[in-house]
Amino acid sequence: MRIGMFTDSYRPYTSGVVRSIETTARKLIEFGHEVYIFAPSYPVYEKESGVFRFASVRPPIYPEYPIALPFSLNISKTVKKLSLDVIHVHSPITMGLLGSLCAKRLDIPLVFTYHTMYDEYVHYLPFAREISRKAVLRLSTNFCNRCDLVITPTEVIRQIVADRIEPTVQAIPTGIEIEEFIAPDRLWLRREYGIAADVKILLHLGRLGKEKNVGFLLKAYGEISKKHPKTKLVIVGEGPERQALQEEALQMGLSDVLFAGKLSRRRVVDSFAGADLFVFASTTETQGLVLGEAKAAGVPTVAVKALGAAEMVTDGVDGFLTPLSLELFVARVDQLLADEGLRLAMAEKALQEAEKISSTTMAQRILLAYEEAAKKRKDVST
Numbered sequence: 061m062r063i064g065m066f067t068d069s070y071r072p073y074t075s076g077v078v079r080s081i082e083t084t085a086r087k088l089i090e091f092g093h094e095v096y097i098f099a100p101s102y103p104v105y106e107k108e109s110g111v112f113r114f115a116s117v118r119p120p121i122y123p124e125y126p127i128a129l130p131f132s133l134n135i136s137k138t139v140k141k142l143s144l145d146v147i148h149v150h151s152p153i154t155m156g157l158l159g160s161l162c163a164k165r166l167d168i169p170l171v172f173t174y175h176t177m178y179d180e181y182v183h184y185l186p187f188a189r190e191i192s193r194k195a196v197l198r199l200s201t202n203f204c205n206r207c208d209l210v211i212t213p214t215e216v217i218r219q220i221v222a223d224r225i226e227p228t229v230q231a232i233p234t235g236i237e238i239e240e241f242i243a244p245d246r247l248w249l250r251r252e253y254g255i256a257a258d259v260k261i262l263l264h265l266g267r268l269g270k271e272k273n274v275g276f277l278l279k280a281y282g283e284i285s286k287k288h289p290k291t292k293l294v295i296v297g298e299g300p301e302r303q304a305l306q307e308e309a310l311q312m313g314l315s316d317v318l319f320a321g322k323l324s325r326r327r328v329v330d331s332f333a334g335a336d337l338f339v340f341a342s343t344t345e346t347q348g349l350v351l352g353e354a355k356a357a358g359v360p361t362v363a364v365k366a367l368g369a370a371e372m373v374t375d376g377v378d379g380f381l382t383p384l385s386l387e388l389f390v391a392r393v394d395q396l397l398a399d400e401g402l403r404l405a406m407a408e409k410a411l412q413e414a415e416k417i418s419s420t421t422m423a424q425r426i427l428l429a430y431e432e433a434a435k436k437r438k439d440v441s442t
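Counting from 61, one number per residue, gives the positions in the sequence shown under this note's numbering.
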C-alpha cells in the first residue's frame, strides 16, 4: 500500500503522537509498504526522504509547537502523483484538514487517529475555557464525521468517541518497539547523574504541561521521601511548565528532584531501564505510550486511574492504579518500595504484558483498518 500520513507535529518535536507516527511508519515500511509524511517545518530539522514539510508559524502561547500553514498549490498534484491508497491523519487541525481535503478531492480513503482528548487542552487557548471546550468538541466531532474510519488508542476512548460520531471507531493502541529494550544500559542513569546504587529511582517521563499533572507527583514525592529517604524522583522531558515545576520543587524543599530535560531516544530507553518504579499522574491520556514503554523495560507503574492509563496498567498485576488521591497514590508507591519481592514480580509481569502491544502486532491491525476504510469508501462510491 501507499500511505500518506498528515500530522501537525513531527520530528524534531517529541511527543506521544510523534512517537506513534514514527513507530507505525517504521513497521509499515518494514512490511514492504510505502509511507509518506506531510508535516510542519521547524527552525531546525533534518531533511528526510518521503517527508514533505510545510511552512509554519510559532504561536506566542506555545512557541515550541509550530503551526503549519496548510497551503500548497501543488498538494493535490503531489498526492495524486504518489498514487496514495489511503490518507491517515493524526490531528483535526491544519495538516489534518489538508489531508481530509486531499482525500475528498481525490476520492482516497480517510483514516483518523484520535490521539488526544482535545477538549482537555483548552487551557492553551486565549478564550473563555467553556466556550473553547465546546468549540473544540464540535470541531473534533465534525472532523471525525468526514472520515471513513476513526482509530482510538484504547477501548475507553473508543466508547467516548463512538457515542458522538457516525463512522466506525476501532481501538488500536500505538505499538511498543520491544526490540529497543532488549539490551539497554541499565546503569546509565545512575552514572550520568551520580545516583547511588542503594537509591530507588522513581521515574516520570513526558511533556511538562499542566495537563500532565506533574505537580501531583512532586507532592507525592514529598511524602514518599520522608519514609524512604533513599529515593530520587527523576523527571525526563521538556515543556512550558518546567520552570514553574522546578520552582515548586524548591519551595517544597525538594531540591534533590532531578529535572533531566529532553534526552535522546537511546537515553530515554536507558532511563526507563534504570528506574525502579514509573510514576504517572496525567488524567487526560488517550493511551499513555510511556506506560507501555515502562512495561517493555520491566518497570512496574503506579498511575492515576483515568482514561487510557486505566487500560495500560493492570491493577495489581504490572503495577497499581489509584484514584486521584495523594494519600492512596503515596500508599501504593510505599508498598512497592517496601516489598522488593512484589516489585520484582510486577516487573516480570510488565515484560509479559508489553508483548501484547508490540509494534508488529499493532501495525498489522492498522493495515486491516486501512483495508476496511478502503472498502467503505468503495461501497460509498458505488
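Even glycine gets a Cβ: it sits at the ideal position worked out from N, Cα and C.
Exposure of residue i, with buried meaning 16 or more beta-carbon neighbours within 10 Å
i: I417; result: buried
i: E240; result: buried
i: E371; result: buried
i: V182; result: With a pLDDT of 49 at V182, under the threshold of 50, the modelled position of this residue cannot be trusted, and the question is left open.
i: Q347; result: buried
i: S331; result: buried
i: Q230; result: buried
i: A309; result: buried
i: F203; result: buried
i: G313; result: exposed
i: I426; result: buried
i: K272; result: buried
i: A188; result: Only weak support exists for where A188 lies, its pLDDT of 46 falling under 50; the coordinates are left without a value.
i: V328; result: buried
Proximity of residue i and residue j at Cβ, strictly below 8 Å
i: K292; j: I261; result: yes
i: E353; j: G368; result: no
i: K290; j: D258; result: yes
i: P72; j: Y96; result: no
i: K355; j: L381; result: no
i: T201; j: I220; result: no
i: I127; j: V111; result: no
i: T154; j: P130; result: yes
i: P100; j: F114; result: yes
i: P244; j: A357; result: yes
i: H150; j: M65; result: yes
i: T343; j: L384; result: yes
i: D378; j: E413; result: yes
i: F319; j: Q306; result: yes
i: R437; j: P233; result: no
i: V359; j: L337; result: yes
i: L249; j: G334; result: yes
i: Y430; j: V139; result: no
i: L396; j: V339; result: no
i: I255; j: D394; result: no
Endpoints, alpha helix (DSSP H) assigned at residue i
i: K355; result: 349-356
i: I135; result: 135-142
i: Y96; result: No alpha helix (DSSP H) contains Y96, which is instead part of the beta strand (DSSP E) from 94-100.
i: I284; result: 274-287
i: M372; result: 369-372
i: F164; result: The question names Phe, yet the displayed sequence has Lys at residue 164. From DSSP, the alpha helix (DSSP H) with K164 extends over 154-166.
i: L265; result: From DSSP, L265 is part of no alpha helix (DSSP H) but of the beta strand (DSSP E) over 260-265.
i: L386; result: 386-398
i: L249; result: 248-253
i: V221; result: 215-222
For residue i, the first and last residue of its enclosing beta strand (DSSP E)
i: T228; result: 228-231
i: M65; result: 62-66
i: A320; result: 318-321
i: V364; result: 361-364
i: V104; result: Here V104 belongs to no beta strand (DSSP E), and DSSP marks it neither H nor E.
i: V294; result: 291-296
Counterpart residues of residue i in DSSP-defined beta bridges
i: I81; result: In DSSP, I81 forms no bridge with anything.
i: I236; result: S418
i: V171; result: H148, L209
i: G313; result: Answer by DSSP bridge pairing: none, since G313 is not bridged.
i: F131; result: Answer by DSSP bridge pairing: none, since F131 is not bridged.
i: L337; result: L262
i: F114; result: P100
i: G379; result: T361, D375
i: E345; result: T176
Problem - Touch test, the region 78-90 against the region 161-168, Cβ-Cβ under 8 Å, three pairs minimum - result: With a cut-off of 8 Å, the region 161-168 and the region 78-90 do not count as touching, because too few Cβ pairs lie within range.
Exercise for the section: Inspect the CB distances between the region 168-176 and the region 194-214 and report whether three or more fall short of 8 Å. Expected result: Enough Cβ pairs lie closer than 8 Å, so yes.
Problem - Segment contact flag, the region 265-272 with the region 292-309, C-beta cutoff 8 Å, min 3 pairs - result: Touching, per the Cβ criterion.
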